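Participant: Numbering (my numbering), first residue to last: 17 to 159.
See below:
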C-alpha cells in the first residue's frame, strides 16, 4: 500500500511541477505572441493633377512587412471623410475631387488589422475649368 501511495505522490508532484515550469525546452511556459506592431507608414506620397477633374496619388510599395494586407486611401474635404480605396496598389486616381481643399490620407493595414500612421498630401480643386490644364482626352495617372 505504501508503494502505491509513493507512486501517486510522485505523479502528483510531477503534474504540479509541469504546471509551474511548462513543457517547453527552455523551462518557460509557452506563450502565444499577439501581433500589435503596425505596418510601415506609406512613404514617398505625392499628388498631382494631369488635367481638370482628375487627381493622381502615388507612393512607395510596402516591401518591408511580410504581413502587409493593403493600403487605405481616404479623402478629407472640410470634415467630410470618405474611404476611396482599399487595395494593395500603391497608386490611386480620383476622377471626382471635391471643390476646395482635398486632403488625401494613406495608411497601411496588416493581416491582423494593425494600422500604420497616416501620411497625407493636399490638393486644392477650384471647381473651375482651367483652359491651360484641361484636356479633352482621358489621361491615366502614371508615376
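Beta carbons: idealized from backbone N, C-alpha and C, even for Gly.
It should be emphasised that the depicted structure is a prediction, and the values quoted were computed from it without experimental measurement.
1. Suppose you measure from the CA of residue 73 to the CA of residue 132; what does that come to, to the nearest Å?
2. Going by DSSP, name the residue or residues bridged to residue 72.
3. Could you check which residue in 139, 124 and 129 has the C-alpha nearest to that of residue 56?
4. Using alpha carbons as the reference points, say which of 21, 76, 83 and 109 lies closest to residue 90.
5. One question on the structure: do residue 54 and residue 157 come within less than 8 Å of each other, judged by their Cβ atoms?
6. Let me check one thing: in DSSP terms, what residues is residue 52 bridge-paired to?
7. If you compare alpha carbons, which of 105, 96, 52 and 127 is closest to residue 113?
8. Using only the alpha-carbon positions, how far apart do residue 104 and residue 142 sit?
9. Per DSSP, residue 137 is paired with what?
10. By DSSP, does residue 19 sit in helix, in strand, or in coil?
Facilitator: Looking at the coordinates:
1. Taking the first residue of the chain shown as 1, we reach residue 73 at position 57. Taking the first residue of the chain shown as 1, we reach residue 132 at position 116. Distance between the alpha carbons of residue 73 and residue 132 is about 18 Å.
2. Position 56 of the chain shown, counting from 1, holds the residue named residue 72. Answer is 64 and 109, bridged to residue 72.
3. Indexing the chain shown from 1 puts residue 56 at position 40. Nearest of 139, 124 and 129 to residue 56, Cα basis: 124.
4. By one-based count along the chain shown, residue 90 stands at place 74. Nearest option by C-alpha distance: 109.
5. Residue numbering aside, residue 54 sits at position 38 when the chain shown is read from its first letter. Residue numbering aside, residue 157 sits at position 141 when the chain shown is read from its first letter. Not in contact: residue 54 and residue 157 (Cβ atoms no closer than 8 Å).
6. Indexing the chain shown from 1 puts residue 52 at position 36. In the DSSP secondary-structure assignment, residue 52 is not bridged to any residue.
7. Residue 113 sits at position 97 when you count from the first residue of the chain shown. Checking every option, the nearest Cα to that of residue 113 belongs to 96.
8. In the chain shown, the residue the question calls residue 104 occupies position 88. In the chain shown, the residue the question calls residue 142 occupies position 126. Here the alpha carbons of residue 142 and residue 104 stand approximately 30 Å from one another.
9. Numbered from its first residue, the chain shown carries residue 137 at position 121. In DSSP, residue 137 forms a bridge with 120.
10. The sequence position of residue 19 within the chain shown is 3, counting from 1. DSSP places residue 19 within a helical segment (H, G or I) once states are collapsed to three.
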